[in-house]
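Reading through the structure tokens given below for one structure.
Residue numbers (our numbering): 338 to 394.
See below:
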């Protein structure tokens, strides 16, 4: 048994799908949920600058 102890894959990463992150539009303040590979554009006004919401720890 010479394989990695965690059963393969990249250490530190789980196999669950990527969650969408929530951002606030810098222009209109609308909430936008953006996944990886999604275009960075507000769904309400089309603005392209966002603020990432703080995480709750």
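Beta carbons: idealized from backbone N, C-alpha and C, even for Gly.
For clarity, every value in this text was computed on a predicted model and none was experimentally measured.
Inset, instruction - Rounded to whole angstroms, what's the CA-CA distance from residue 364 to residue 371? Just pull it up for me. - result: Each residue's Cα considered, the two are about 17 Å apart.
Inset, instruction - To the nearest angstrom, report how far apart residue 361 and residue 375 are at their CA atoms. - result: The alpha-carbon atoms of residue 361 and residue 375 are separated by roughly 15 Å.
Legend entry - Status (buried if at least 16 other CB within 10 Å, exposed otherwise) for residue 382: Residue 382 is classed as exposed because its beta carbon has fewer than 16 other beta carbons within 10 Å across all chains shown.
Legend entry - Where residue 386 sits in the DSSP three-state scheme: In the structure shown, residue 386 sits in coil (DSSP, three-state: anything other than H, G, I, E or B).
Inset, instruction - Indicate whether residue 390 and residue 357 have their beta-carbon atoms separated by less than 8 Å. - result: In this structure, residue 357 does not lie closer than 8 Å to residue 390 by Cβ.
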